[in-house]
Amino acid sequence: KIYGLLGRNGAGKTTLFNCLNRDITCDGGSFYLETEEGPREVAAEDIGYVLSTPTVPEFLTAREFLKFFLDINRKSIPNPKPLDEYFESMSIDPEDRDKLMKDYSHGMKNKMQMLINIVAQPNLFLLDEPLTSLDVVVAEEMKERLRSLKEGRVTIFSTHLLDLAVDLCDEIVLLSHGTLERVDKATLDDEAFKEKILSALREENHA
Numbered sequence: 001k002i003y004g005l006l007g008r009n010g011a012g013k014t015t016l017f018n019c020l021n022r023d024i025t026c027d028g029g030s031f032y033l034e035t036e037e038g039p040r041e042v043a044a045e046d047i048g049y050v051l052s053t054p055t056v057p058e059f060l061t062a063r064e065f066l067k068f069f070l071d072i073n074r075k076s077i078p079n080p081k082p083l084d085e086y087f088e089s090m091s092i093d094p095e096d097r098d099k100l101m102k103d104y105s106h107g108m109k110n111k112m113q114m115l116i117n118i119v120a121q122p123n124l125f126l127l128d129e130p131l132t133s134l135d136v137v138v139a140e141e142m143k144e145r146l147r148s149l150k151e152g153r154v155t156i157f158s159t160h161l162l163d164l165a166v167d168l169c170d171e172i173v174l175l176s177h178g179t180l181e182r183v184d185k186a187t188l189d190d191e192a193f194k195e196k197i198l199s200a201l202r203e204e205n206h207a
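Residue numbers for the sequence shown follow full-length UniProt numbering, so the first one is 1 and each next one is one higher.
Here's what the structure looks like:
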C-alpha cells in the first residue's frame with residue numbers, strides 16, 4: 001500500500017523519516033514490519049529513502065552511478081537487468097544516460113534517486129515530498145511509477161498537499177502537533193470533515 005503522511009511544512013515529516021531511517025536517535029518507541037511470519041523489527045536493508053532534495057554523485061554519469069550501485073550490491077541483486085532497461089523504466093532518455101549528473105535538473109536527479117531505490121527493492125519505501133518542484137509531466141510519470149511499485153512493499157509518501165494525498169495514497173495519516181492520526185479517506189467527501197483536516201493543518205502552521 002501507499003500511505004500518505006500528511007502535514008504542514010515543519011510539522012516533523014522529515015524528522016519522522018529520519019527516525020525511521022535511523023539517521024537520528026529516537027527518544028523512545030519501536031517500529032516493525034508485519035510479515036507472514038508475524039511482526040519483525042525493521043532493519044537498515046529494508047529501507048529505501050528518497051530525500052526531498054535529491055542527492056546523487058554529480059561527478060558520475062547516470063550510467064556510471066547505476067553500474068557502481070549494482071556492483072556494490074551484487075549479493076542482494078544477483079541477477080540485474082541490462083542498464084538501459086532500468087533507464088527505460090524511469091523514462092530516462094538515451095542522451096541523458098551518459099551525461100554527468102551535475103548537469104541534471106532537479107527532476108532528473110529525483111528520477112535517478114528514485115531509480116536507485118527501486119533497483120534495491122526495499123520492503124519499506126520512504127518518499128519525502130518527492131514530487132515537489134517537478135513539472136507536471138514528470139510528476140504524473142512519478143505517480144504512475146509509484147502506483148505500479150506498491151505491490152509487496154510499504155510505501156510512505158509525505159506531502160503537505162491534501163489533494164495529492166487523496167489522489168495517490170491508499171491510506172492517509174495526519175501528522176499534527178507531534179501526533180499521528182489516521183484519516184478515513186471515505187470521509188474526505190464530507191466537506192465538514194475535509195475542513196476539519198485543513199483546519200488542523202492551518203493550526204499547525206500557526207502553532
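Positions of the beta carbon are idealized from the N, C-alpha and C atoms, including for glycine.
- Annotated as distal: V50 and I77, with beta-carbon spacing of 8 Å or more.
- Three or more Cβ pairs drawn from the segment 122 to 133 and the segment 150 to 158 lie within less than 8 Å of each other, which places the two stretches in contact.
- P94: member of the alpha helix (DSSP H) spanning 94 to 97, first to last residue.
- The residue among G178, A186, I92 with its C-alpha nearest the C-alpha of L201 is G178.
- With three or more CB-CB distances shorter than 8 Å, the segment 42 to 49 counts as touching the segment 17 to 33.
- Excluding the 5 residues flanking it on each side, N9 has same chain C-beta neighbours closer than 6 Å at H160, in chain order.
- Taking A165 as the centre and dropping the five residues before and after it, the same chain places the C-beta of G4, L6, T159, I172 closer than 7 Å to its C-beta, in chain order.
- Out of G107, L180, E58, T53, the CA that lies nearest to the CA of G12 is found in L180.
- Under DSSP, S158 takes part in a beta bridge, and its partners are L5, D128.
- In the displayed model, Y86 falls within a helix according to three-state DSSP.
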